[in-house]
Amino acid sequence: MKILLKWLILCSKNCIFLNILFLEGSNFLTQTISVKRPDGRVVTLEYNSGVLNRLDKLTAANYGMPINQNLCQNKFVQYKDRVIMLQAISIYAQGDGQRWNLNKMFEVMFEAAKTSLKVLGSSLFNQIVVKNNVKKSD
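Positions -16 to 121 (the numbering used here) are the ones given, in order, by the sequence shown.
Shown next, in the form of structure tokens:
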């Protein structure tokens, strides 16, 4: 529990948002596919059909950021006199309706972990430097 609390404190410094969503199936197509039904008929599923596709709703909730990209590093947007932090989920879709390959999922998660560690390391370094500069000026 203590380690989890420390992790949450580190993340609360607004560095990262380490959430990854893996999508598969016909509701999350990024390309048109044809599917053979059990009765032998071939049905074409259009990736941009509003009847099937749910990606538009997910990306709208994700600030319209691209899918299949590592977005664990928070984005900061200047608006008037404020800075707004965007925490976006990294959404990954197979695109062809197929199941995820476990090795590919591991690669995605490993890349996000490396990015997170790099960002956290940079944030910790900056915090140490600021603390040392404050001590020197005292």
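By construction, the Cβ of each residue, glycine as well, lies at the ideal position given by its N, Cα and C atoms.
For residue i: DSSP bridge partner residues
i	result
A76	L6
K58	L69
Three-state secondary structure assigned by DSSP to residue i
i	result
V102	helix
T42	helix
K63	coil
V91	helix
L85	helix
Rounded C-alpha distance that separates residue i from residue j
i	j	result
L12	I67	31 Å
Y62	E7	36 Å
I50	K19	27 Å
N31	T42	14 Å
L69	L28	33 Å
Buried versus exposed, by CB contacts within 10 Å (16 or more), residue i
i	result
A44	exposed
A95	buried
The ligand ZN heavy atom lying under 6 Å from the CB of residue i
i	result
F5	In the structure shown, the ligand ZN is absent, as is every other ligand, since no ligand is present at all.
Cβ-Cβ separation, residue j to residue i (assumed contact under 8 Å), whole Å
i	j	result
A71	L54	4 Å
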